[in-house]
Amino acid sequence: MYLNQQKQLEAGLREALRSLYQIEVDTVVLEQPPELAFGEYATPLAFELARRLRKAPRKIAEEIVAALGPVPGFAGFEVAGGGYINARLDRAAAVESYAMSGDVPPPRQRLHELVEHTSINPNKAAHVGHLRNAILGDTFVRLLRAAGHQVDVQNYIDNTGVQVADVVVGLMHLEGLTLRGVEEWVAELAATGERIDYACWDLYARVSLWYAGDPDQTEARKKIRLDTLHAIEAGGNDVARIAELISTAILRRHLETMLRLGIEYDLLPRESEILHLHFWDLAFEQLKAKGVLYFETEGKNKGCWVMKRPGTAETEPDGGPDEDAKVIVRSNGTVTYVGKDIAYHLWKFGLLGRDFAYRPFFRYADRECWISAETGEANHPHFGGAQAIYNVIDSRQADPQANVIEALRGLGYTEQAAHYTHFSYEMVALTPRCAMELGYEVAPEDQARPYIEVSGRKGFGVKADDLIDKLIAATRAEVDSRHPELSEAERDATARAIAVGALRYFMLRFTRNSVIAFDFKDALSFEGETGPYLQYAVVRTRSIFRKAGTTPEAALAGLRGLDLAPYLSGPGTEGIWDVWLRTAKTTLLLDQCIQTAEPAYLAKHAFQLAQDFSNFYRLHHILSEEDPARKALLLATAAVTHRELIRSLAWLGISAPEVM
RNA sequence: GGGCGAGUAGCUCAAUCGGAUAGAGCACCGGCCUUCUAAGCCGGGGGUUGUGGGUUCGAUUCCCGCCUCGCCCA
């Protein structure tokens, strides 16, 4: 809607430029004036043309305004300042169209999209950093789906890597357990309701200390670690069975944790199948055939299969070996992580020539989450073969991600490489104060820093479930004191919705490349720019309709045929049009978020709409309004706020309770 | 050594393709619950946008140098 008006204005301006000066411009910059009193749109077009036309900007602006014919949807144009052209919408017409249409236009290009997120090593509990990943990823999935895209959601599981190996080492060598013993331990944890991911969190930290704990044993323990890893990779032995048992149990816990936040997955592809189904062999053949990989015969990478790094020259000027090249196959024949990742991404795009087998793994309310397998069920949904992919992975992985893209490009898959997005974001760190509150020792030099990186290896961090539990406890206390009349179940559901809203908004309000310095004080805040603030605005609109005895839909329909113009500008109408204009931008924001892969813009938009509504709510008392037409508009203003907030919040994965 | 990101109010963050008076939240100070929910609202103070240059009618934004911090690669 807002976008349509923008296009109309742009077309009008272009036409004026053609008829006046016979010129075409590449882009017509349209922005919103600093105050709504100046109009809804402004363009600095005249400034840009001043030099080209050898005229004063103000003069040009005046000529353009004079030449502009009537533009559909607009009431008038004027020149402001040194040469801005301000445009005013026909507010009454705009309100009527905003009220009737809340639809999202179909996407320009409908691709089969694949979003991968969460991807936690299944050897310990999820922490706040993983929450940021999962919430960003899940929100982006919701945005893509809202825009009409078909999206598959994957959560990649590295179940055969060193992190899982470390926990297996802990169980076998620190705890002295055999496969049988581990099975009993897992059963015992399940029986007592103890969280296995928590138990392994501590064990993992202990193993890290153990490796370096005795200088005489360092080499021997390194060997144990490597042997364990190799046994897991090979499969078909007790070590691998322990790894499978532990990683699967922890994976289930991760899925349960994420489900608390409304986060679901379609498929869990695992590294074990990538290994055992020999994805790499097929990728290796392609990479060799296309010359992407070459065998290095000199220098430090002698005996390795290497690949040119993105951004480096084709050959070294001096003709020597490219020492900068990325090793894909080591001289001992083992494949690096990037190599396996290339094979996996060829599968994602349907370019590998081999598929996983699949079996159901985790049941959601209305669907199944599948997992990769060596042998699976005959009937399964089709996975992979995407046209565009998004990998939600923190910014530290930028280098390996760039290598995978470079390999795709080298193989001639330029289209796929262009539709490969590393959805990068900065880490969640802890403030020194938060770390000390949690009882960790913080070195004096670290205390002066704004944040400290979390480390699963050291057991340093805030566990996701602990944070969620704390949030629920805090919201539950509030709900209990505010609404003792509600049933236990209602209070529980309300507290959970608010807790999830607070957490999801907290993780989404920062732009992706900003490090979040985590602090319980901020994360547990329910005032100001927070999820509960947005939910509260919705609750207020609900309360209005409850007391008015009508619905938002009826209120919006009730505008038909009314003369609204007197109520949309002038004294006594402050704050009404602001709400309408804001609501009209929701689909624009959706589009912008997808184009830039930045959900924070929508979070900010929803907050601003809630602020606009609060302002409107203060200035206009709806239920006591006596002028019927004016009352209809005020009710519709609450209704359009309700409609747009509910839908924006849904895209952010936040639901608004009935009362709070 | 190379690459990426960042530096904006006391703190945490915004700022659309380079546009009008750099905006929010928190914290602080002062007000507002007898009209639709105070998890709210109103008002106030608070800025040399790290630094030095350049481009431009116009720079937080683009370019170059320097400083500081974080991450990644060797």
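Each residue of the first sequence is one higher than the last, beginning at 389 in the numbering used here. Cβ coordinates follow ideal geometry from the N, Cα and C atoms, glycine included.
Buried versus exposed, by CB contacts within 10 Å (16 or more), Ala883: buried
According to DSSP, is Gly525 helix, strand or coil? helix
With H, G and I counted as helix, E and B as strand and the rest as coil, what does DSSP make of Phe914? coil
Local Cβ density within 10 Å of Phe462, reported as buried at 16 or more and exposed below that: buried
Report all residues from its chain with a CB closer than 7 Å to the CB of Val903; omit the five preceding and five following residues, and keep chain order. Glu814, Met815, Ala817, Tyr839
Ends of the alpha helix (DSSP H) at His664? 659-664
Which first and last residues belong to the alpha helix (DSSP H) in which Phe933 is found? 919-936
Does the beta-carbon of Met488 have 16 or more other beta-carbons within 10 angstroms, so that it is buried, or is it exposed? exposed
Is it buried or exposed, Thr763, if we count other Cβ atoms within 10 angstroms and call 16 or more buried? exposed
Kindly provide the ranges of any alpha helix (DSSP H) runs that are 4 or more residues long and lie completely inside the region 541-583, ordered along the chain. For the alpha helix (DSSP H) assignment, the uninterrupted runs of no fewer than 4 residues enclosed by the region 541-583 are, from N- to C-terminal side, 550-557, 567-580.
By the three-class DSSP mapping on this structure, what secondary structure does Thr703 have? Annotation note: pLDDT 49 at Thr703 (below 50); position unreliable, no value reported.
Per DSSP, Leu656 is paired with what? Its beta-bridge partners are Ile759.
Suppose only complete runs of 3+ residues qualify. What are the beta strand (DSSP E) ranges in the region 811-892, listed by chain order? 816-818
Backbone secondary structure at Ala1026 - three-state DSSP: helix
How long is the line joining the alpha carbons of Gly536 and Ile620, rounded to whole angstroms? 42 Å
Where does Val780 land, buried or exposed, given buried means 16+ other C-beta within 10 angstroms? Val780 is buried by the Cβ-count criterion.
At the level of alpha carbons, what is the spacing between Tyr409 and Ala1020? 47 Å
Tell me whether Val792 is buried or exposed, calling it buried when 16 or more other Cβ atoms sit within 10 Å of its Cβ. buried
According to DSSP, simplified to helix, strand and coil, what is His515? strand
Simplified DSSP state of Met646, which is helix, strand or coil: Met646 carries a helical assignment under DSSP once its states are collapsed to helix, strand and coil.
If you pair each beta-carbon of the region 974-986 with each one of the region 947-958, do three or more pairs fall below 8 Å? No contact exists between the region 974-986 and the region 947-958.
With DSSP run on the structure shown, which of helix, strand or coil describes Ile473? Three-state result, Ile473: strand.
Helix, strand or coil at Gly427 [DSSP, three-state]: coil
CA-to-CA distance, Leu531 to Glu501, given in whole angstroms: 12 Å
Are the Cβ atoms of Val926 and His1030 separated by less than 8 Å? yes
Express the C-alpha separation of Ala953 and Ala945 in angstroms, rounding to a whole number. Roughly 17 Å separates the two Cα atoms.
Give me the DSSP bridge partner(s) of Tyr682. Val694
Where does Asn543 land, buried or exposed, given buried means 16+ other C-beta within 10 angstroms? buried
Secondary structure at Gly798, three-state DSSP: helix, strand or coil? helix
Euclidean distance between Cα positions of Lys846 and Asp615: Going by the C-alpha atoms only, they are around 22 Å apart.
For Ala1027 and Thr939, the rounded distance between their alpha carbons: 8 Å
State the beta-bridge partners of Glu466 as determined by DSSP. Asn474, per the DSSP bridge assignment.
Continuous beta strand (DSSP E) stretch holding Pro748: start and end: 745-751
Measuring straight from C-alpha to C-alpha, what distance separates Phe898 and Thr527? 13 Å
Looking at Ala671 and the ligand ATP, is the gap between the Cβ and the nearest heavy atom below 7 Å? Because no ligand of any kind appears in the structure shown, any question about the ligand ATP cannot be addressed here.
For a test of the three-state rule: what should DSSP assign to Lys447, helix, strand or coil? helix
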